[in-house]
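Just so you know, we're using my numbering here: the sequence shown kicks off at 61 and counts up by one.
Just so you know, even glycine gets a beta-carbon here, dropped at the ideal spot from N, CA and C.
Since the structure is predicted, the reported quantities are computational estimates derived from the model, not experimental observations.
Contents: one structure, followed by commentary.
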Amino acid sequence: MVSALHGLGRDLDGISVAELLWLAAASRGGRSANPGRAVPDQAAPSAPGVMDPRERISAWGPPLTPVYGPSGPGGEARPARKVSLPRGTALPRAREIARALRPLRRPWAAGRRQQLDIAETVSGYARSGELLPAFRPAPERWFDATVVLDRSPTMAVWGDTVDELLKVLATTGAFRTLRVREVAAWGAEPGADRSTDGRRRPGVGVSRSARQRRLTLVLSDCVAGVVGDDGRWDRIHDWAGAGPTVLVNPLPPKIWRHTGLDLPAVRVTTPGTPGVPNAGLRFVLPPLLEDALDLRAGPGDDRAIWLPLPVVGLTPRSLARWARTLMRGDPEGCEAVLLPEPGSVSALPMPSGAPADAGQLVEDFLHRASAAAVRLAVLCSSYPELNTGMLHLVRQELVPEASPADMAEVVVGGLVSVDEGMPGAGDPVLRFRDGVRERLAPRLGARDKLRTRETVSRFIAAYADAPSRFPALVPDAEGDAAIAPDRAPFAEASPRTLRALGPVPESPDERPYFFLSYAHTPRFGAGGPDPDMWVERLFRDLSGHVMALTDLPAGHPVGFMDREIRSGEGWSERLGSVLATCRVFVPLYSPRYFSSEMCGKEWFAFARRSVEHQARSASTATAIVPAWWVPVPPEQLPLAAGQLNFDDQAFGERYMTDGLYGLIKLRGYAEQYERAVYQLAKRIVTVARTTKLPVGRPVDYRSAPSAFGSRTPDARNLRIAVVAPVVGTLPEGRDPRYYGTGTDDWNPYHPQSRRPLAHMATELAYQLNNQVDLSTLDKEISRALNRPASAGPLILLVDRWAMEVPALRDKLALLDTIPGPATSVIVAWNQHDTQSRAWESRLTDKLARTAPNLILRNPADAFTGGRGLLSMEDFARVMPQVVATTYQEHFRHAAVHPRVGGGTQDERPRLLGPMDRRSLPPGSDASEGSDQGPPPA
């Protein structure tokens, strides 16, 4: 057969050969004794047990492992392990979108900062002969932008797209500042709070200043809520009346009338003034508008009850039109809808109708959807269900011309139902409705189905090390996950690809035994010896002893120090990976070590992993084994280092007085040096065997905080208070396994965590060199009423179920009304708690209504998003950032204590002119013997 194929004189690839074999097999199988019988349709599915020859091509290479989407166990589930796959881009044409926003980069000439005016300085020097710097306002970006994210359930599908859009907005340089606010319940008035007299006032992130330089971008699909019956439009109306406001909608305009955005559409222009607020936009009122809607306005100008709101899609063309209209007065204008005055228009009912069958749904979709959307739906129909990560991947690789609007047609076109995802799955799941896949099957050929799997597999193999990922499963007899029996694979991975996809090394024996953390000593003089060569010698000696004390095989990475990082290798990624896998952390104490920010980052990256392990195992053991490189006084040790207690008597007396550096430098102490290094190696091996620290998630070393930050005064200790019910006061039917007899016993991440959340939060803050006091809600109310000047920052750990306990709800509402110190709110929310998931919308709305000031002015929103932290790992990642932000807010508004002996709190130092010695305080040096002349007349 091979000779015959070569005789054709054609250059045939593997696919061509497979197609020839398939055609030959089909032609032979199509012959029949009855000459009048038709040959079966080639597109019809093969008989059971018959494999398409093209599908055997993968068997000619290395064995491939099927890859499945996340699933829950059911029936005879197969064991599997979790892997993370690279994501496709969720925002096509991101660079073009960034270019479309260039008109927003127009500068505001009179900025808030001052810059040196060189021309005026030189001119003044030429006139007066004195070199006095002259300053003028520095130009800055026109807008301070606030992005309001709609976190209603229907927006979960667009989570990845929103994240990538935020990155574009943050990196395009179009705004002076960029703030993000997330809203889960519009009825809780997220954009405004109440003053003490009950009147509305602007909320956080919205400016009513005369300059109108606050731009508000609302990201919402408007699927939930209707005009006149949802607080969403009242809030947006308030923002649009205060300053420039735009609605960014991922859905195409032809779908708007089927959602809550069924509003009069107009085209708006500007009077030529850049940055004009929405009230200043010009538009023509559509004819017969009064007859189409039930107006309740009195006589007068009908335009007064309508406020234009520009609406843009996630395409460069749409965004460019709006940006040019807003900042350049483009006469072409941009699309907008008219918002009615709150209360002036009756509720507009959403279109309703009986649910159609699968045939009708598919016919309607094919009739109104774009060609790219139809192609995307057909390719995705090869899977019974898929998450949004897979959807973006298929769109990017197989339908690159599809835009977010095309993807939106697939999502909201009636073909699929959207599930927020199973616990731990992460991404929302799209499931085809009954009968839809069968209706789309004739449009999906066998080659398209095979091409889809091969293309996805090639993408996974090519970008296995990409930072953005989504979860998946691969069969593994020893895995802790499960694959449902009805699941079909969507890709295949080679052994090499699986090794790259694995979240952690499969065998713990492959991990380095210890990580040597030390401070680099600068070189003294030009051409001098490397001062860190002594640390390298210690590392080699220590590695040799550890190898001798264990059964590690030859070539095993015994230890790690940063000199092992090769040129061109990612420095931050390499450090983060080793700190997430090593068994023991060995810091070399010295004065330079505790003043090094890099060493503090290494310490905290490992300590966070240790804290998570202690929470899972309820153990207090630590895998940090310190060693004295140079002795440091105990009072100079950070809190995290001071709490480690080890008996160093076995290391020798000289070790305790001179440290390893003194022993290694002086030849007379060679024996004591060997003794100290051997004892240190024994301690490392013992701690590694007893602690058994599991592999953790790699930490971004560049953004990790330092454990050696400046220590705060005792009077300004960080306070942590828990707002949660106890066993005796639980709401009816609430699972008591998450609670104890005291509020500090609340453990929302049970059974993953075996320690209360307050203890974990305290330990994380303590590792950041912060003194921490555990408080209660009653103490904080009393402290807020008394307003002590020395009150430090406060972090509230809130359980949303406390909103179902009237006493706790009233106390939190009272604390919300009292101006107090900087307060951050962290809502812990277990993604595996099915009872909490069912009540999430109601409890979130109650919390937003109970404590609007605390929620709206929450410094932790930038990290928690107001949605709650769904896992213990998320809490450990976010807690350090919240601590740092809360302290920043505290010191920004804290009272300044005046010096002893005079001055008031409000006074600031300033120069008043030449000093008269008679005006100095008695007893000062200047008043005794000053040579100052008399004051000027």
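### Contact the segment 648 to 659 vs the segment 737 to 750: 3+ CB pairs below 8 Å
Contact check between the segment 648 to 659 and the segment 737 to 750: fewer than three CB pairs, one atom from each, fall below 8 Å, which does not count as touching.
### Task
Tell me whether the beta-carbon of Pro152 lies closer than 8 Å to the beta-carbon of Met387.
Position 92 of the sequence shown, counting from 1, holds the residue named residue 152. Position 327 of the sequence shown, counting from 1, holds the residue named residue 387. Not closer than 8 Å, so no.
### Query
How big is the Cα-Cα spacing for Phe935 and Ala888?
For the purposes of this step, residue 935 is taken as residue 875 along the sequence shown, with counting starting at 1. For the purposes of this step, residue 888 is taken as residue 828 along the sequence shown, with counting starting at 1. Here the alpha carbon of Phe935 sits roughly 8 Å from the alpha carbon of Ala888.
### Straight-line gap, Phe645 to Arg676 (C-alpha atoms, nearest Å)
Counted from its first residue, the sequence shown places residue 645 at position 585. Counted from its first residue, the sequence shown places residue 676 at position 616. The alpha-carbon atoms of Phe645 and Arg676 are separated by roughly 19 Å.
#### Entry: Under the three-state DSSP convention, the category Ile878 falls into
Here the question's residue 878 lines up with position 818 in the sequence shown. Assignment of Ile878 by DSSP, reduced to helix, strand and coil, places it in the coil class.
#### Entry: Inter-residue CB distance, Met467 and Leu451 (contact presumed, cutoff 8 Å)
Reading the sequence shown from its first residue, position 407 is the one you call residue 467. Reading the sequence shown from its first residue, position 391 is the one you call residue 451. Confirmed, about 7 Å.
### Message
Short of 6 Å in beta carbon distance, which residues of its chain neighbour Gly756, apart from the five on each side in sequence? Order them along the chain.
### Response
For the purposes of this step, residue 756 is taken as the residue at position 696 of the sequence shown. Correct list, in chain order: Ala640 and Arg669.
#### Entry: Leu226 vs Val207 beta-carbon contact at 8 Å
For this step, residue 226 is matched to residue 166 along the sequence shown. For this step, residue 207 is matched to residue 147 along the sequence shown. In this structure, Leu226 sits near Val207, with a CB-CB distance shorter than 8 Å.
### Task
May I ask you to check if the CB of Met621 is nearer than 7 Å to at least one heavy atom of the ligand FAD?
Inclusion of the ligand FAD in the displayed structure is not the case, the ligand content being empty and no account of it being possible.
### Query
Given a threshold of 16 other Cβ atoms within 10 Å of its Cβ, counted over all protein chains shown, does Ala396 qualify as buried or as exposed?
Stepping through the sequence shown from its first residue, residue 396 is reached at position 336. So Ala396 counts as buried.
### Query
In chain order, what residues of the same chain have a beta carbon less than 8 Å from the beta carbon of Ser758, not counting five sequence neighbours either side?
Numbered from its first residue, the sequence shown carries residue 758 at position 698. First, the amino acid is wrong: residue 758 is Pro here, not Ser. Within the same chain, Cβ atoms closer than 8 Å to the Cβ of Pro758 are found at Glu633, Gly636, Ser637, Leu639 and Ala640, the five residues on either side in sequence being excluded.
### Message
With H, G and I counted as helix, E and B as strand and the rest as coil, what does DSSP make of Tyr34?
### Response
The chain is shown only over 61 to 997; residue 34 falls outside these bounds and no answer can be derived.
### Query
Among Ile315, Leu500 and Lys725, which one has its Cα closest to the Cα of Ala465?
Sequence index remark: in the sequence shown, residue 465 carries index 405 (1-based). With distances taken between Cα atoms, Ala465 lies closest to Ile315.
### Message
Under 8 Å, Cβ to Cβ, is there at least one residue of chain C near Phe519?
### Response
This model lacks chain C altogether, as it is built from one protein chain only.
### Query
Hey, is the segment 294 to 304 in contact with the segment 367 to 387, meaning 3+ C-beta pairs nearer than 8 Å?
Counting C-beta pairs with one atom in each stretch, the segment 294 to 304 and the segment 367 to 387 have three or more that are closer than 8 Å, which means they touch.
### Message
So, with DSSP's three-state summary, where would you put Glu900?
### Response
Taking the first residue of the sequence shown as position 1, residue 900 is located at position 840. Here Glu900 sits in helix by DSSP.
#### Entry: Endpoints, alpha helix (DSSP H) assigned at Phe425
The count along the sequence shown starts at 1 and reaches residue 425 at position 365. If you look at Phe425, you'll find it in the alpha helix (DSSP H) that goes Ala418 to Arg428.
### Task
Spatial neighbours of Thr149 within its chain, please: CB distance less than 8 Å, with the 5 preceding and 5 following residues excluded, ordered by chain position.
To locate residue 149, count along the sequence shown from 1; it is residue 89. Excluding residues within five positions, the ones whose Cβ falls inside 8 Å are Glu224, His452 and Gln456.
### Message
Checking 8 Å against the spacing of the C-beta atoms, do Leu558 and Thr125 come in under that value?
### Response
One-based indexing of the sequence shown puts residue 558 at position 498. One-based indexing of the sequence shown puts residue 125 at position 65. Yes. Within cutoff.
### Query
Under a three-way DSSP split, which group does Glu840 fall into?
In the sequence shown, residue 840 corresponds to position 780, counting from 1. Assigned with DSSP and collapsed to three states, Glu840 falls in helix.
### Cβ pair Ile841, Val885 closer than 8 Å
On the sequence shown, position 781 is the one that residue 841 refers to. On the sequence shown, position 825 is the one that residue 885 refers to. No, they are not a contact pair.
#### Entry: For Ala825 and Ile878, believed in contact at Cβ under 8 Å, the rounded distance
Counting from one through the sequence shown, the residue named residue 878 turns up at place 818. Counting from one through the sequence shown, the residue named residue 825 turns up at place 765. Contact between Ile878 and Ala825 does not hold, since their C-beta atoms are separated by about 24 Å, which reaches or exceeds 8 Å.
### Query
Does the beta-carbon distance from Leu1003 to Val747 come in below 8 Å?
Outside the displayed span of the chain (61 to 997) sits residue 1003, for which this structure offers no information.
### Message
If you follow the beta strand (DSSP E) that Cys394 is in, where does it begin and where does it stop?
### Response
As a position in the sequence shown, residue 394 is number 334, starting the count at 1. Here the beta strand (DSSP E) through Cys394 covers Cys394 to Pro400.
### Query
Buried or exposed: which applies to His427, given that a residue is buried once 16 or more other Cβ atoms fall within 10 Å of its Cβ?
As a position in the sequence shown, residue 427 is number 367, starting the count at 1. Its Cβ having fewer than 16 others within 10 Å, His427 is exposed.
### Message
Going by the DSSP bridge assignment, what does Leu704 pair with across the sheet?
### Response
What you label residue 704 is simply residue 644 of the sequence shown in a count that begins at 1. The partner list for Leu704 (beta bridge, DSSP) is empty, contrary to what the question assumes.
### Query
Are Pro146 and Asn447 close, meaning C-beta to C-beta below 8 Å?
Locating residue 146 in the sequence shown gives position 86, counting from the first residue. Locating residue 447 in the sequence shown gives position 387, counting from the first residue. Result no, Cβ atoms of Pro146 and Asn447 do not sit closer than 8 Å.
### Task
Tell me whether Leu379 is buried or exposed, calling it buried when 16 or more other Cβ atoms sit within 10 Å of its Cβ.
Counting from one through the sequence shown, the residue named residue 379 turns up at place 319. Looking at its Cβ environment, which holds 16 or more other Cβ atoms inside 10 Å, Leu379 is buried.
### Message
Can you look up Ala205 in the DSSP assignment and give me helix, strand or coil?
### Response
To locate residue 205, count along the sequence shown from 1; it is residue 145. Strand.
#### Entry: Nonlocal neighbours in the same chain, by C-beta distance under 7 Å from Ala432, ignoring five residues either side
Translated into positions along the sequence shown, residue 432 becomes position 372. Close CB contacts of Ala432 within its chain, under the 7 Å cut and outside five residues either way in sequence, are with Val459, Glu461, Ala462 and Asp466 (chain order).
### Query
Bridge partners of Tyr947, per DSSP?
If you number the sequence shown from 1, residue 947 lands on position 887. Paired residues: none, contrary to the question.
### Message
Out of Pro791, Val472 and Val745, which one is the CA nearest neighbour of Leu609?
### Response
Locating residue 609 in the sequence shown gives position 549, counting from the first residue. When each option's Cα is compared against that of Leu609, the closest is Val745.
### Query
Taking the C-alpha atoms as reference points, what is the distance between Gly389 and Ala867?
Taking the first residue of the sequence shown as position 1, residue 389 is located at position 329. Taking the first residue of the sequence shown as position 1, residue 867 is located at position 807. Cα to Cα, Gly389 sits roughly 55 Å from Ala867.
### Leu872 (DSSP reduced to helix, strand or coil)
Numbered from its first residue, the sequence shown carries residue 872 at position 812. Three-state DSSP puts Leu872 in a helix.
### Query
Hey, how far is the Cα of Asp536 from the Cα of Gly604?
Numbered from its first residue, the sequence shown carries residue 536 at position 476. Numbered from its first residue, the sequence shown carries residue 604 at position 544. Distance between the alpha carbons of Asp536 and Gly604: 36 Å.
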